[in-house]
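> Going by our numbering, the sequence shown opens with residue 3, and the numbers climb by one from there.
We put the beta carbon where it would ideally sit given N, CA and C, even for glycine.
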Amino acid sequence: MKHSQRRLLAGITLVVWLALMLSVAVGVSAAPVVLKVQADQALGPISPRLFGANYGPWAIMPPDVVPLAEKSGVKFLRYPGGEWGDQNDLTPFQLDTLYMAFANRINAEASLHVRLHNSTPEKAAELVRYMNVEKKYGLRYWAIGNEPDLFKEYSLEKYLKDWRAFAEAMKAVDPSILLIGPEISQYPPSDNAGTYLETRREWLKAFLKANGDLVDLITIHRYPFPKDSSSRKITKEEVAASALEWDYIIPNIRQISKEILGRELPIGVTEINTTWTADMGGETSNGSHYNAVWWAASLGTMIRQQADMVTFFNFYSNPPVGGFGLLARYDARPVYYVYVLYQQFGTQLLASQSDDVQVNITAALNDAGDLTLMIVNLSSEEKTVSLDIAGGNFASTAALTRLDLEHKADALGEIDLSSGEITLTPESVSLYVIKAKVG
């Protein structure tokens, strides 16, 4: 074959190859994202304890923002929250005035963490007596210690014995209380997650083997970042991916519970945020807009996995402490509006799925039988997606409320669903309420 023919054939081959690649690329990019909802497949009630937050004497809310707390939709509180509770004994003023009066004011269920480190079973039992016998507050959920895996000069073996002694003393005062634990500081988001995280899984296993007969609800803490000791900035892509890790963590804990106890205990996450560091001002740091988008997706994933209890860290924080709080000194941080949106979400979970990891959907029916959809676009680009609702009889319009870069859980009116497509703004959390048709 002549050189000119070879060149011609090579040129034709290249053109054909490029055309094929272009057609494939166009085909892939043109394929719409499909969100599916099975409106006649109910999965059970959504626990109100999923919409919780930490609160404590070390981060008392100033009067200026208490009205925002009342409107937040936070339904469950963990007190005193963080390591403070294992460094201090709670006083009647801190319990009655700072905590219970506040919990009652915002209409949230209260729970309590008793001091384990440098304390005694007798002190813990006295706290139960004071709260549930003398004051008749009727607190149901009680934790023993905060992140015991981080205590200095404290072994797993000692923790298991101490926890049991505390639990038995507390139950002797009020047998109706529900004990949660082990409140470990982290949990691996995958198999073979490294020695540090795997050690936390082993703490859970040992805890269930030793005290599974006394614990009522398994609880862990989780801060996905930082993953190492470097000071590098965490990207939006990394943060977005971590919102899906609950599809592994919760089933994994259920499996461990079933293997060790022969039954599946309820699961809770009693401290969670993007990071445990006090860094602020970054595009993914605590207090940022993307922190709110991440939290909406993470909470949605935990709802779909049917967790029982989640308490965000924290309800309130001053900037010097970090951007942890839903509320700051004078106003609300973006993540606050995630709770405002979820106030309007349904109570009966439905089956739903997305074929795009950047688009997160959770579906539920409200008490009126209306369909509610919480849809999170983790992408920094606008997305048009197809909405496939099977089962049920619903209107062809939806009331839209949205949190994005331009809106703070703002009601945007009715939108038409007849085309079967909806448009999601970049980095957004959108609540759609679709009325049930009567008759």
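Could you name the residues of the same chain whose beta carbon sits closer than 7 Å to that of ASP357, not counting the 5 residues immediately before and after it, in chain order?
The count along the sequence shown starts at 1 and reaches residue 357 at position 355. Within the same chain, and ignoring the five residues on either side of ASP357 in sequence, the residues whose Cβ sits closer than 7 Å to its Cβ are VAL35 and VAL36.
> Taking 8 Å as the threshold, find out whether the stretch 325-333 comes into contact with the stretch 385-403 through three or more Cβ pairs.
no
> Locate the beta strand (DSSP E) running through HIS223, then write down its first and last residues.
Position 221 of the sequence shown holds residue 223. 219-224 is the extent of the beta strand (DSSP E) around HIS223.
> Going by beta-carbon coordinates alone, are ASP281 and SER287 separated by less than 7 Å?
Position 279 of the sequence shown, counted from the first residue, corresponds to residue 281. Position 285 of the sequence shown, counted from the first residue, corresponds to residue 287. Going by C-beta atoms, ASP281 is nearer than 7 Å to SER287.
> What alpha helix (DSSP H) runs, 4 residues minimum, are completely inside the stretch 81-126?
103-108
> Just verifying my parser: in three-state terms, what is the DSSP assignment at TRP144?
Within the sequence shown, the letter at position 142 stands for residue 144. Assignment of TRP144 by DSSP, reduced to helix, strand and coil, places it in the strand class.
> Based on DSSP bridge pairs, tell me the residues matched to GLU159.
For the purposes of this step, residue 159 is identified with residue 157 of the sequence shown, where counting begins at 1. Its beta-bridge partners do not exist; DSSP assigns none.
> Quick one: residues in its chain with C-beta nearer than 6 Å to the C-beta of ALA105, no 5 flanking neighbours on either side, listed in chain order?
To locate residue 105, count along the sequence shown from 1; it is residue 103. Around ALA105: LEU79 and ALA112.
> If contacts are defined as beta-carbon pairs under 8 Å, then TRP86 and ASP151 qualify, I think. What distance do you get, rounded to the angstrom?
By 1-based counting over the sequence shown, the position of residue 86 is 84. By 1-based counting over the sequence shown, the position of residue 151 is 149. About 17 Å; that fails the 8 Å criterion.
> Helix, strand or coil for GLU239? Go by DSSP, reduced to three states.
By 1-based counting over the sequence shown, the position of residue 239 is 237. The answer is helix: DSSP assigns GLU239 an H, G or I state.
> Cβ atoms of ALA245 and SER319: under 7 Å apart, would you say?
Your numbering for residue 319 matches position 317 in the sequence shown. Your numbering for residue 245 matches position 243 in the sequence shown. Contact: no.
> Would you mind stating whether MET311 and ARG51 have Cβ atoms separated by less than 7 Å?
As a first step, residue 311 must be located in the sequence shown, where it is residue number 309. As a first step, residue 51 must be located in the sequence shown, where it is residue number 49. Yes, the Cβ-Cβ distance between MET311 and ARG51 is below 7 Å.
> Name the residue from GLY325, THR272 and VAL67 whose alpha carbon lies nearest to the alpha carbon of ALA294.
Position 292 of the sequence shown, counting from 1, holds the residue named residue 294. It is GLY325.
> Please say whether ILE436 and LEU373 have beta carbons closer to each other than 7 Å?
Here the question's residue 373 lines up with position 371 in the sequence shown. Here the question's residue 436 lines up with position 434 in the sequence shown. Result yes, Cβ atoms of LEU373 and ILE436 sit closer than 7 Å.
> Does the Cβ of LYS235 have 16 or more other Cβ atoms within 10 Å, making it buried, or fewer, making it exposed?
Here residue 235 refers to the residue found at position 233 when the sequence shown is read from its first residue. With fewer than 16 Cβ atoms within 10 Å of its Cβ, LYS235 is classed as exposed.
> Roughly how many whole angstroms lie between the Cα atoms of ARG203 and GLU423?
In the sequence shown, the residue the question calls residue 203 occupies position 201. In the sequence shown, the residue the question calls residue 423 occupies position 421. Those two C-alpha atoms are separated by around 42 Å.
> How would you label VAL135, buried or exposed, when you count the other beta carbons within 10 angstroms and need 16 or more for buried?
The count along the sequence shown starts at 1 and reaches residue 135 at position 133. Burial call: exposed.
> Taking the continuous alpha helix (DSSP H) assigned at TYR292, which residues delimit it?
Within the sequence shown, the letter at position 290 stands for residue 292. Here the alpha helix (DSSP H) through TYR292 covers 291-306.
> For GLY54, which residues does DSSP report across the bridge?
For this step, residue 54 is matched to residue 52 along the sequence shown. DSSP, once it has assigned bridges, lists PHE78 and THR313 as partnering GLY54.
> According to the Cβ coordinates, are VAL175 and ARG224 closer than 7 Å?
Stepping through the sequence shown from its first residue, residue 175 is reached at position 173. Stepping through the sequence shown from its first residue, residue 224 is reached at position 222. Contact: no.
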